[in-house]
Amino acid sequence: QPLLSHGPSLHSHTHIHLSLSLSLSLSLSHTHSHTHTMLLALKPFACLSLFCLSLIVFLLTPHDKRSNIPSQQYTIHSHYHPYNLQQEQIIIQQRTSSNAPTSCKGSRIYIHKLPPEFNTDLLQKCGYGITSWLNFCAHIAHHGLGEPLHTHEELSLSQDKVSTKSANDTNFMKFLDKQSPTRIRKMLLGDISPPSLRRHRSEWHRTDSYMLEVIFHSRLLHYPCLTDDPNMADAFFLPYYAGLDALKYLYGEHKSNPKVAQHGSNLVSWLQQDAIAKEAWRKHRGQDHFLVMGRTPWDFGNLGSAQWGTGILQIPEYANMTLLLVEKQLWMPNQYAIPYPTSFHPNSPSSLHAWINRVQNERRSTLFAFAGSIRPALMRGGIRDMLIDQCLSSKDCKLLDCKELKCSHNPEPIMRTFLLSQFCLQPRGDTPTRRSLFDAIIAGCIPVIFHNDTAYTQYEWLLPKEASKWSVYIDEEEIRKGTLVEETLLKYTEESVSQIREVLIGMIPKVVYNAGYSSSNEGEADAFDVSVRETLKLISHKKRKLTSFRKL
Numbered sequence: 001q002p003l004l005s006h007g008p009s010l011h012s013h014t015h016i017h018l019s020l021s022l023s024l025s026l027s028l029s030h031t032h033s034h035t036h037t038m039l040l041a042l043k044p045f046a047c048l049s050l051f052c053l054s055l056i057v058f059l060l061t062p063h064d065k066r067s068n069i070p071s072q073q074y075t076i077h078s079h080y081h082p083y084n085l086q087q088e089q090i091i092i093q094q095r096t097s098s099n100a101p102t103s104c105k106g107s108r109i110y111i112h113k114l115p116p117e118f119n120t121d122l123l124q125k126c127g128y129g130i131t132s133w134l135n136f137c138a139h140i141a142h143h144g145l146g147e148p149l150h151t152h153e154e155l156s157l158s159q160d161k162v163s164t165k166s167a168n169d170t171n172f173m174k175f176l177d178k179q180s181p182t183r184i185r186k187m188l189l190g191d192i193s194p195p196s197l198r199r200h201r202s203e204w205h206r207t208d209s210y211m212l213e214v215i216f217h218s219r220l221l222h223y224p225c226l227t228d229d230p231n232m233a234d235a236f237f238l239p240y241y242a243g244l245d246a247l248k249y250l251y252g253e254h255k256s257n258p259k260v261a262q263h264g265s266n267l268v269s270w271l272q273q274d275a276i277a278k279e280a281w282r283k284h285r286g287q288d289h290f291l292v293m294g295r296t297p298w299d300f301g302n303l304g305s306a307q308w309g310t311g312i313l314q315i316p317e318y319a320n321m322t323l324l325l326v327e328k329q330l331w332m333p334n335q336y337a338i339p340y341p342t343s344f345h346p347n348s349p350s351s352l353h354a355w356i357n358r359v360q361n362e363r364r365s366t367l368f369a370f371a372g373s374i375r376p377a378l379m380r381g382g383i384r385d386m387l388i389d390q391c392l393s394s395k396d397c398k399l400l401d402c403k404e405l406k407c408s409h410n411p412e413p414i415m416r417t418f419l420l421s422q423f424c425l426q427p428r429g430d431t432p433t434r435r436s437l438f439d440a441i442i443a444g445c446i447p448v449i450f451h452n453d454t455a456y457t458q459y460e461w462l463l464p465k466e467a468s469k470w471s472v473y474i475d476e477e478e479i480r481k482g483t484l485v486e487e488t489l490l491k492y493t494e495e496s497v498s499q500i501r502e503v504l505i506g507m508i509p510k511v512v513y514n515a516g517y518s519s520s521n522e523g524e525a526d527a528f529d530v531s532v533r534e535t536l537k538l539i540s541h542k543k544r545k546l547t548s549f550r551k552l
C-alpha cells in the first residue's frame with residue numbers, strides 16, 4: 001500500500017483490484033487451509049494479478065518520471081568536422097572572443113566568413129582542377145608548409161653527397177593521385193586541431209613560396225585576439241586565396257579573355273551583398289581590411305594592352321585595402337612586402353635556436369655561391385648570365401644549377417651550399433625579389449645584392465635600415481662594366497664578415513614562418529607575427545587619418 005499511496009488518482013481501480021485479490025487469497029487460505037490442492041491452484045492467480053498491476057502502473061506513469069537521464073544536447077562542437085576550415089574558424093572565434101586577453105586592445109581581428117569558393121574550394125581543386133597541367137596538392141599539405149622531411153637524416157646537410165630527390169616525394173605524389181577530391185581535402189586540412197597547430201617531427205618542409213595565403217590563413221586562425229563580433233574588431237581579414245585563384249586567369253579557362261570574368265570581382269560583389277561585410281566595409285571604406293596575396297604584383301598587373309597579369313589590382317576596392325605580398329609595387333602605398341616562405345619552419349623555440357647555433361658554428365669553405373638558372377626569355381637586361389660565368393671561372397665559387405635540381409621544393413642542396421659559403425649572390429629574378437634572399441639569411445650566408453628593389457626598398461618591416469650591416473651591395477651597372485664579384489668580396493676582412501653575419505643571424509627569427517607555436521609566449525616574433533603587428537599599426541593610422549578628415 002505505501003508503494004502505491006503517492007500514485008495518481010486515475011490508478012484507484014488498480015488499488016481495488018489488488019485489495020480484492022489479496023483478500024480473496026487470504027480468505028481462501030484460512031477457510032480452506034486443509035485443502036492443499038485449492039491453495040496451489042490460487043497462487044498462480046495471485047502472482048498474475050500482481051504482474052498485471054505492476055504493468056498497468058508502469059504504463060500509466062508519466063514519461064518524464066521513468067528516468068532521470070537527461071536528453072543529449074548537441075552544440076556546434078558536436079558537429080565539428082576537423083577538415084572544415086571555415087567551421088574551425090567559427091569555433092576558434094567563439095572561444096577567443098570571450099577569453100581574449102586584455103592585451104588585445106587595438107589588436108582584435110575579425111575574419112570574414114567567405115564562401116568556400118574563395119579558399120577551400122580552390123584547395124580541393126589542387127589536383128589538375130584549376131589548370132589541366134598543374135597538381136599542387138603536395139604543396140598545400142600541412143597548412144601550406146608542404147610535405148615535411150620527417151627526420152633530420154633526410155636533410156643530410158653534413159654529408160658530402162647531396163641528394164637531389166627524396167623517395168618520399170615520389171611516394172607522396174603517387175598516393176595523392178589515387179585519392180578523391182574529398183579525401184584530399186580531409187588530408188590537407190584535417191590536422192588543424194584547436195587550439196594550436198599540430199607540430200611536426202621535422203621543421204623542414206618542401207615549401208612552395210606561392211603557398212603564403214594558405215600559411216597565413218592557417219596561422220591567423222590561431223591568433224589569440226580573434227573576435228566574432230565585427231563591432232569589436234580593429235581590423236578585418238579576407239581569407240581569399242587570390243594567388244591560387246589567379247591560376248585560371250593566367251593559365252586556365254579565362255586566359256584568352258580575362259575581361260569576361262575579371263579576377264577578384266566576385267569578392268567585391270560579396271562585400272557589397274553580405275550584410276555583415278557590407279556594414280564593416282562602410283564604416284571605414286575598407287581601410288581597415290587586409291588581404292594576403294601569394295604571388296608578385298607582376299601576376300596581378302594591368303589588364304588590357306598588357307601581355308601578362310589578371311588585372312585584380314586595378315579594381316578600386318583593392319586599392320582601399322592593405323595588401324600583403326611577397327613583393328610590392330613601390331608606387332602603390334597600400335602594398336607591403338612580407339617574406340617569401342622558406343622551407344624552414346621551426347616547431348619550437350628550442351628547434352629555432354638549435355638551428356641558429358648550427359649556423360653560427362658552421363665552417364664555410366667557399367667564398368661565394370649562386371643558386372639559380374638562366375631564363376633568357378624573362379631576363380632581358382639581367383646579369384645572371386654574367387654572374388654564372390664569373391662563378392664558373394672562379395675556384396672559390398659554388399654554382400647550384402636549379403634548372404637541373406629543382407631547388408624550390410628541395411631544401412637540402414640549397415641549404416648545404418649556402419651553409420658552406422661566406423656570401424650568396426642575389427641578382428634579380430623574373431621579378432626584382434627572390435625567395436633565395438631568405439634562404440641565404442636563414443643559412444647565415446651574407447647576401448650580395450645588385451638592385452635596390454631586390455630587398456632594400458621592399459621589406460621595410462624586417463630589414464635593418466643600414467644595408468651594409470647585413471649585406472653587400474654591388475650595382476648591376478658595375479657588373480656590366482666588368483667588375484669582378486670575387487675581387488670585391490675578398491676586400492672584406494674576417495672581422496667585418498663576422499660582424500655582418502652576426503647581424504644577419506639575428507634576423508633569422510623574423511624572416512621564418514614557424515610551424516604554429518605561439519611566439520608571443522614561447523619565443524621571438526616570426527614573419528607572421530611581425531606582419532600582423534605592423535598591419536594593425538598601419539590600419540590604426542589609416543582609421544585615425546580618416547576620422548580626422550571627416551571632422552574637417
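In terms of UniProt numbering, the sequence shown opens at residue 1 and continues consecutively.
All C-beta atoms in this analysis are idealised placements derived from N, C-alpha and C, irrespective of residue type, glycine included.
1. Pull up the CB-CB distance for T457 and R428, whole angstroms please, since I reckon it's below 8 Å.
2. Starting from K283 and walking both ways along the alpha helix (DSSP H), at which residues does that stretch end?
3. Mind reading off the beta-carbon distance from G309 to T131? Whole number of angstroms is fine, and I expect it under 8 Å.
4. Per DSSP, what are the beta-bridge partners of S436 in this structure?
5. Pull up the distance between the alpha-carbon of L352 and that of P509, whole angstroms please.
6. Between the alpha carbons of G516 and K481, how many angstroms are there, rounded?
7. Are the beta-carbon atoms of W470 and E534 separated by less than 7 Å?
8. Let me make sure I understand the geometry here. Which of L221, L489, N135 and M232 has the alpha-carbon closest to that of P239?
9. Would S531 and I338 be called neighbours here (beta carbons separated by less than 7 Å)?
10. Which one or two residues does DSSP pair with C397 in a beta bridge?
11. Please report how far the alpha carbon of C225 lies from the alpha carbon of L419, in whole angstroms.
12. State the DSSP-derived secondary structure class of S421, mapped to helix, strand or coil.
13. Would you kindly check if the distance between the Cβ of D526 and the Cβ of V503 is under 7 Å?
14. Decide if the stretch 395-405 is in contact with the stretch 438-453; the criterion is three or more beta carbon pairs, one per stretch, under 8 Å apart.
15. Does the count of Cβ pairs from the stretch 438-452 and the stretch 410-426 closer than 8 Å reach three?
16. To the nearest angstrom, report how far apart T207 and H345 are at their CA atoms.
17. Using the DSSP secondary-structure output, state which residues sit across from T322 in a beta bridge.
18. Within 10 Å of its beta-carbon, does L392 have 16 or more other beta-carbons around it, so buried, or fewer, so exposed?
19. How many angstroms separate the CA atom of Q329 from the CA atom of Q335?
20. How about H289 and M332: are their beta carbons less than 7 Å apart?
21. Less than 7 Å between C-beta atoms, sequence neighbours within five positions excluded: which residues of the same chain meet that for T547?
22. Does the Cβ of G106 have 16 or more other Cβ atoms within 10 Å, making it buried, or fewer, making it exposed?
23. Between which two residues does the alpha helix (DSSP H) containing I315 stretch?
24. What does DSSP give as the partner residues of V268 in its beta bridges?
25. Can you tell me which residues form a DSSP beta bridge with L226?
26. Please specify which runs of the alpha helix (DSSP H), each continuous and at least 4 residues long, are wholly inside the stretch 435-513, giving them in chain order.
27. In three-state DSSP terms, what is N119?
28. To the nearest angstrom, report how far apart I539 and Y492 are at their CA atoms.
29. Could you check if residue 573 is buried or exposed, using at least 16 other CB atoms within 10 Å of its CB as the buried criterion?
30. Measure the Cβ-Cβ separation of P110 and T227 and say whether it is below 7 Å.
31. Under three-state DSSP, which class holds N347?
32. Is R435 near Y340, with beta carbons less than 7 Å apart?
33. First and last residue of the beta strand (DSSP E) that includes Y336?
34. From what residue to what residue does the beta strand (DSSP E) around F237 run?
35. Short of 7 Å in beta carbon distance, which residues of its chain neighbour A233, apart from the five on each side in sequence? Order them along the chain.
36. Quick one: what's got a C-beta closer than 7 Å to D245's C-beta in the same chain, skipping five residues either side?
Once the coordinates are examined:
1. Their Cβ separation, rounded to whole angstroms, is 12 Å, which puts T457 and R428 out of contact at 8 Å.
2. A275 to H284
3. The Cβ separation is near 17 Å, so there is no contact.
4. Beta-bridge pairing links S436 to no other residue.
5. 8 Å
6. 47 Å
7. no
8. L221
9. yes
10. F368
11. 38 Å
12. strand
13. no
14. no
15. yes
16. 9 Å
17. F290
18. exposed
19. 7 Å
20. no
21. none
22. exposed
23. Unbroken run through I315: none, as it is neither H nor E.
24. None, per the DSSP bridge assignment.
25. I109
26. 436-443, 476-480, 485-489, 494-506 and 508-511
27. coil
28. 42 Å
29. The question about residue 573 has no answer, for the chain in this structure spans 1 to 552.
30. Before going further, note that residue 110 is Tyr rather than Pro in the sequence given. Yes, these two residues count as a Cβ contact at 7 Å.
31. coil
32. yes
33. Q335 to A337
34. A235 to F237
35. R108, I109, Y110 and T227
36. L122 and H263
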